[in-house]
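Quick note on my numbering: the sequence shown kicks off at 1026 and runs consecutively. Virtual Cβ for every residue (Gly too), placed ideally from N, Cα, C. A short write-up of the structure that comes next.
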Amino acid sequence: MADTRVERDSMGEMVVPANAYYGAQTARAVENFPISGLRFPRSFIAALGTIKGACARVNAALGLLDRRLADAIVRAAAEVAEGKLDGEFVVDVFQTGSGTSTNMNANEVIANRALELLGARRGDKAVVHPNDHVNMGQSTNDVFPTAIHVAAYGEITRALLPALEELAAAFEERARAFADVVKAGRTHLQDAVPMTLG
């Protein structure tokens, strides 16, 4: 088996690793924007997968997307949301435009994984196309900010709020522990009325 495959898009041909789920536009973005080496966080990639899966479901329900293709796209998008394909998201966080390269990275990964699920070969855009099928009815200018909001909501509920609750409990415990310690209050760089440390 060859180590690489040739992917084609509207801008021409690109050589990509044979085992990669991403395609020509992602490879081109990696080549054009080697800026920081930083990648998008897990929560953002998960949000992209969730959005792409939801869009495929809606497009199928509207009769715009073949049910068989939609099911494969939904399964592939779920794998993205679950973190099974994180290594395929290789575009730098610093890129041109409104996140088009990252949106296309997601479209290509989901399309190629959907192809695999359908028993087709990666890169066969006649069966599942990254733009025409995975990105159907979507704009990067909608997908990207929505992914930011979904990721932020997830991080707030999973990480920030529990951490703040833990911090508040620690402050309450310290307030009780120092409730009887009296000290001088301070205001305008001067001593003020006595107060408790707790």
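Minimum length 3: unbroken beta strand (DSSP E) runs contained in the segment 1168-1216: Here the runs fully enclosed are 1207-1212.
Anticipated Cβ contact below 8 Å, Ala1018 with Gly1223, distance rounded: Residue 1018 lies beyond the range of the chain shown here (1026 to 1223); nothing can be said about it.
Taking the alpha-carbon positions, what's the Glu1197 to His1158 distance? Each residue's Cα considered, the two are about 53 Å apart.
Whose C-alpha, out of Ala1095, Phe1069, Leu1192, Ile1070, is nearest the C-alpha of Pro1155? Ala1095
On the CB-based measure, 16 or more other CB atoms within 10 Å of its CB, does Thr1051 come out buried or exposed? buried
Taking DSSP's pairing of strands, which residues face Asp1034 in a bridge? Partner(s): Gly1037.
Let's test the definition: count the other Cβ atoms within 10 Å of the Cβ of Leu1087 and tell me whether it reaches 16, buried, or not, exposed. exposed
Element boundaries [alpha helix (DSSP H), containing Glu1133]: 1125-1142
Leaving aside the five residues before and after Phe1058 along the sequence, list all residues of the same chain whose C-beta is less than 6 Å from its C-beta, in chain order. Asp1117, Gln1120
Buried or exposed for Asn1044, going by 16 or more other Cβ atoms inside 10 Å? exposed
Inter-stretch contact at 8 Å, needing at least 3 Cβ pairs: the segment 1175-1183 / the segment 1133-1144: no
Spatial neighbours of Thr1221 within its chain, please: C-beta separation below 8 Å, excluding the five flanking residues on both sides. Phe1203, Ala1204, Asp1205, Val1206, Val1207, Lys1208
Does Lys1109 pass the burial test, meaning 16 or more other C-beta atoms within 10 Å, or should it be called exposed? Its Cβ having fewer than 16 others within 10 Å, Lys1109 is exposed.
Along the chain, where does the alpha helix (DSSP H) containing Ser1068 start, and where does it finish? First-last of the alpha helix (DSSP H) with Ser1068: 1067-1086.
Cβ-Cβ distance between Asn1130 and Gln1163 below 9 Å: no
Out of curiosity, what's the CA-to-CA distance linking Ala1031 and Val1175? First, the amino acid is wrong: residue 1031 is Val here, not Ala. Looking at the two C-alpha atoms, the distance is approximately 34 Å.
If you draw a straight line from the alpha carbon of Ala1145 to that of Phe1069, how long is it in whole angstroms? 28 Å
Is it buried or exposed, Gly1078, if we count other Cβ atoms within 10 angstroms and call 16 or more buried? buried
Alpha carbon to alpha carbon, how far is Leu1063 from Val1099? Give it in angstroms, no decimals. 27 Å
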